[in-house]
Amino acid sequence: MTLSRKQPSTSVSCADPDAWTRVVAGSAAFELHSASVRYDARAALLEASLVVDPGESVALVGPSGAGKTTLLRLLNASLTPSAGSVCVDYKNLAQLSPVELRAVRARIGFVHQDPSLVPNLRVSQNVIAGALGRASFFGSARAMLWPRRTDLERAARILTRVGIGDKLFQRTDRLSGGERQRVAIARALFQDPSALLADEPVSSVDPARARDTVALLCELSRERGLTLVVSIHDIALAREFFPRLVGLRAGRIVFDERTQDVEAGALTDLYALAGLERVETAREIER
Amino acid sequence: MKSSAELPLLARPAWIGPRGTAILLLTAASIAAWFLLDLTPRALIPHAGGIEVAKRFFAGALQPAFEYESEVPPGTRPILVTVLEYARRTVVFATAGMSLALVLGIVLGFFASSAWWRGEHIGGASRTGRFLARTIWPFVWLCTRGLITFMRSVHELLWAVLFLAAFGLNTFGAVIAIAIPYAGTLAKIFSEMIDEAPRDSGLALRQIGSSPITVFAFGLLPRALPDMCAYAFYRFECAIRSSAVLGFFGFPTLGYGLAQAFENLHYHEVWTYLYALMALVIVVELWSGAVRARFVA
Amino acid sequence: MKTGAVRHGFEDVRPLQAVPQLWKLRPRSRLVRFTLAALALLVVYAWCAGDIGFDEMFTARRAQNFERFVGTEIQPFELRAEPFSLMRHVEWAWDLGVARGFEGALATLAMSILAMTLAASAASLLLLFAARNVATRDPFQSLETAGARGLSWRLVTATTRAVLIFLRAIPEYIWAYVFLALFGPSAWPAILALALHNAGILGKLGAETVENLEPRSLSALRQLGATRAKIVVAGLFPLSLSRYLLYVFYRFETCVREATVLGMLGIVSLGYWIQESRSRQFYDQMVFFVLLGAVIVFAADLFSTFVRARLRRA
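Dropping the structure here:
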């Protein structure tokens with residue numbers, strides 16, 4: 048990983064001199080400083096502040112449209128905040144060059160809501176595609192069309208780890224929904240990430256598979272020392288697997304606590320009256 | 117249940133939508149065309165000679181010729197060999213034209229698609245990338261669009277006629293005459309397929325930091341590839357038909373033999389040629405159908 | 566791509582099966598591989614078989630021919646002596662257009678419109694007999710769940726499909742050539758030729774559309790006691806009309822393109838004037854008519870794209 052030569056911004060407290068040692072340990076740290084995102088007039092995220100330490104597992108909970116996806120895309124540097132700042136590994140993303148930004152993204156595995164795989168390619172190609180963020184075009188072409196033995200073996204080991212080791216050369220569209228989700232996770236792992244971000248990874252699979260997938264993500268992050276941020280609809284799953292919950296509603300972070308400290312009332316409030324809250328936000332924006 | 121939002125929908129007359137308009141348009145245009153062309157149904161009744169020709173022509177359908185209908189000098193190849201030879205050349209010109217069209221069509225199709233330079237640039241597009249996307253690429257895109265429109269607006273037979281006039285009769289001219297309009301059509305359809313392909317896999321690649329060209333090649337293109345293959349195969353079938361028709365202009369394909377037989381009033385031979393052409397087209401159609409089913413399933 | 570720098574190589578995981586072993590077990594399609602190999606061979610053969618006079622193309626005589634064609638012959642005959650002036654060229658083109666071209670172009674459009682209407686009506690009837698979910702003992706079920714279709718119904722679809730494939734396998738130009746001999750010179754041979762070929766294509770596309778219709782709403786009508794004909798009018802027709810019209814207007818574009826050349830057989834349209842100027846070696850006029858043809862094809866293309874966009878939105 049190339050560390051930026053630029054100093055982090057002084058206006059926001061991204062710079063924590065001791066933090067560099069933790070970066071080298073291999074997992075990423077994320078910080079949001081009152082970040083807002085607006086699409087046209089609608090605010091998707093309002094002054095969100097959040098600190099995720101290296102190696103931590105965090106679940107983002109909240110109703111759909113609460114800003115979970117937006118928050119994840121901020122952390123992944125695929126969205127720039129309209130106000131506030133985002134730091135990944137104690138570097139303010141606003142100050143990085145496009146090349147440096149791509150290097151940051153290449154180290155962050157992202158598991159999408161729909162697996163976002165190429166259905167008519169083999170599983171091996173979809174997994175190896177995880178490394179394309181760091182390859183040149185010709186390197187990518189080589190990796191996709193004539194993959195190296197070492198890459199294939201690594202892909203096979205990762206697939207075995209996520210439980211579908213026999214599917215290496217199957218066509219992706221022949222797999223079940225749960226298996227495809229695992230291919231997506233394998234692709235993220237093939238990136239050799241320092242963090243995993245997952246956006247509703249279980250919304251397209253049945254409940255039993257959902258539990259397996261979340262368990263797998265948590266195990267992997269513990270085992271490989273990856274920072275894990277998952278947005279998740281299902282509160283029961285979030286409570287069961289994550290030590291820390293961040294609740295979002297209508298673009299605001301309403302609570303950010305250890306799981307055992309989160310009261311049941313706070314969770315029901317999160318989902319109740321979501322519509323009313325949105326109207327209030329709209330009024331706020333008008334003002 | 118009437119909410120105020122639904123009222124404008126109800127107020128719109130339901131009996132004439134775009135479909136009704138399209139049908140009315142077509143009917144009105146047809147009536148106008150009828151009078152413009154000065155058509156009479158009477159002209160559809162063949163003249164006496166016509167009826168005779170029709171009788172003999174359709175009788176030929178049941179008995180395609182396996183022997184020449186008139187005396188031929190000894191040593192002439194049997195008709196079936198001649199037909200096969202014409203059919204072989206038909207395929208040769210179609211294949212050569214199509215392979216050239218495919219290469220051209222892929223290159224032009226790339227520049228005629230907008231998916232690789234337009235659309236969401238996630239954060240880190242470099243300054244040169246953004247500059248190109250705002251200035252050069254739209255210009256290249258527009259020029260390519262213009263070029264492929266012109267290429268396919270002129271029919272392959274007209275290209276052949278132009279080449280005949282410019283160079284004289286030459287078989288390579290037939291190949292080029294097929295290649296140019298087919299490249300234009302392929303480029304247009306390819307670019308549309310690329311632009312309409314689902315973007316999610318490309319977006320996922322871009323999010324992990326791939327360069328735009330990598331995103332295009334391994335995120336977008338594979339999504340469109342099965343459709344592109346199926347379409348190219350369909351065009352191959354069309355190319356065989358075009359190649360056959362080029363025979364009417366003196367190129368040695370099925371149309372040449374067919375026109376000769378027709379002019380000699382050898383209707384049984386005509387049907388031998390017609391059946392040969394049909395066999396070619398049907399084989400390719402069934403073959404491409406089987407391959408497409410394979411891709412889709 | 567550097568793999569050496571990878572921290573999480575997952576070396577601790579023993580793969581389920583060795584990579585070469587998995588590779589051997591990969592699913593592969595014999596048909597697709599055969600197709601790729603056969604097509605590659607065919608392309609090599611086509612270029613190497615010696616039928617294509619590649620070297621013969623680049624001779625001094627052809628170069629001379631080409632030079633004469635581009636240098637003098639395509640310039641308007643009347644203006645060759647004068648210095649170049651755009652205005653004079655436009656004037657020349659306009660005069661030629663008024664004298665012959667515009668009428669020919671209009672006739673070309675009219676022929677393709679009539680042909681399209683004929684083809685669309687004929688195909689809309691034929692497709693009912695070609696669609697396997699309509700022409701069956703127990704109609705309007707999904708194709709997977711429907712039982713035996715009955716021998717006579719199978720015969721009906723097979724015959725209709727054979728007719729459709731016959732219609733579209735023969736190019737328009739050959740149809741027109743045949744009809745010209747039967748009916749003598751009028752616009753009819755061209756119209757019929759275009760209509761027959763396109764009916765073959767529209768019938769196939771329409772039958773596929775009907776077969777892909779959602780069976781539930783149609784079989785619901787069936788359960789209400791509607792007859793086959795009633796369901797076709799009340800259910801099948803409105804459900805498939807949009808898609809069918811899309812295909813009709815898509816073919817219209819191709820039809821205009823094809824109509825420009827049918828005139829070369831002697832049917833009055835743009836192609837007639839192209840052929841006429843070609844036979845008299847008035848290449849300046851020929852190029853003008855070819856370009857005029859390109860313009861109306863382009864116009865038809867724009868029109869059809871516009872109509873299809875409107876239909877798709879509906």
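Chains as they are written, first to last, in my numbering: chain L, 48 to 334; chain V, 117 to 413; chain R, 566 to 879. Quick reminder that beta carbons are idealized off the backbone N, C-alpha and C, glycines included.
- R/Met622 sits close to V/Asn286, with the two beta carbons spaced by under 8 Å.
- Taking a cut-off of 8 Å on C-beta distances, the region 272-289 of chain V touches the region 835-852 of chain R, as three or more cross pairs fall below it.
- Within the region 149-163 of chain L, contact with chain V at the beta-carbon level (separation under 9 Å) is assigned to Arg149, Ala150, Val151, Arg152, Ala153, Arg154, Ile155, Gly156, Phe157, His159, Asp161, Pro162, Ser163.
- Taking 8 Å as the Cβ-Cβ cut-off, the region 334-361 of chain V approaches chain L at Phe334, Gly335, Pro338, Arg339, Leu341, Pro342, given in chain order.
- Under the Cβ criterion (8 Å, minimum of three pairs), the region 353-372 of chain V counts as touching the region 195-210 of chain V.
- For V/Tyr202, the closest alpha carbon among the candidates V/Ala409, V/Gly373, V/Glu385, V/Ile398 is that of V/Gly373.
- Interface residue (Cβ-Cβ distance to chain V less than 8 Å): R/Pro736 is classified as such.
- Contact with chain V is absent for L/Gln142, since none of that chain's Cβ atoms lies less than 8 Å from the residue's Cβ.
- Boundaries cannot be given for L/Thr127, as no alpha helix (DSSP H) includes it and DSSP labels it neither H nor E.
- The beta carbon of R/Val813 is closer than 6 Å to those of Ala685 in its chain, skipping five residues each way along the sequence.
- Around the beta carbon of R/Thr673, 16 or more other beta carbons lie within 10 angstroms, which makes this residue buried.
- Listed along chain L is no residue with a C-beta nearer than 7 Å to that of V/Asp154; the closest approach is about 54 Å.
- Contact between the region 157-170 of chain V and the region 738-751 of chain R is present: 3 or more CB-CB pairs across the two stretches fall below 8 Å.
- When the Cα atoms are used, R/Ala602 and V/Arg408 turn out to be separated by approximately 16 Å.
- Not flagged as an interface residue toward chain L: R/Phe853, since no C-beta distance is shorter than 8 Å.
- In the DSSP annotation of this structure, R/Phe854 is not part of any beta strand (DSSP E); the continuous alpha helix (DSSP H) holding it starts and ends at 848-878.
- Taking all protein chains in view, the Cβ of V/Val188 is surrounded by fewer than 16 other Cβ atoms within 10 Å, so the residue is classified as exposed.
- Annotation for L/Val98: no alpha helix (DSSP H) segment contains it, though the beta strand (DSSP E) segment containing it runs 89-99.
- Of the candidates R/Ala670, R/Ile861, R/Leu804, R/Ala670 places its Cα closest to the Cα of R/Ile832.
- L/Tyr86 has L/Arg89 as its beta-bridge partners, per DSSP.
- As the crow flies, the alpha-carbon of L/Ala176 is around 52 Å from that of R/Leu716.
- Approximately 32 Å separates the beta-carbon atoms of R/Leu857 and R/Gly768; this is outside 8 Å, ruling out the contact.
- Between L/Leu243 and L/Gly156, the C-beta spacing is below 8 Å.
- Listed in chain order, the non-local C-beta contacts of V/Trp257 below 7 Å within the same chain comprise Phe227, Ala228, Ser230, local neighbours out to five positions each way being set aside.
- Straight through space, the alpha carbons of L/Gln172 and L/Ser144 are spaced by roughly 29 Å.
- Listed in chain order, the positions of the region 623-641 of chain R with a beta carbon within less than 8 Å of a beta carbon of chain L would be empty, since no residue qualifies.
- Among the residues facing chain L, R/Val578 is included, as its CB has a counterpart in that chain under 8 Å away.
- In the three-state reduction of the DSSP assignment, R/Asn763 falls in the helix class, which pools H, G and I.
- The Cβ neighbour count for R/Trp659, taken over all protein chains shown within 10 Å, is under 16; the residue is labelled exposed.
- For R/Thr637, the closest of R/Cys613, R/Asn698, R/Phe853, R/Tyr848 by C-alpha to C-alpha distance is R/Tyr848.
- According to the DSSP assignment, V/Phe266 belongs to no beta strand (DSSP E) but to the alpha helix (DSSP H) extending over 252-269.
- In this structure, the alpha-carbon of V/Gly300 lies about 48 Å from that of R/Gln582.
- Where R/Phe631 is concerned, the enclosing alpha helix (DSSP H) starts and stops at 625-633.
- Of the residues assessed, V/Phe334 falls on the buried side of the cut-off, its CB having 16 or more other CB atoms within 10 angstroms.
- Fully contained in the region 106-173 of chain L are the following beta strand (DSSP E) runs of length 3 or more, in chain order: 130-135, 155-158.
- Assigned with DSSP and collapsed to three states, L/Gly294 falls in strand.
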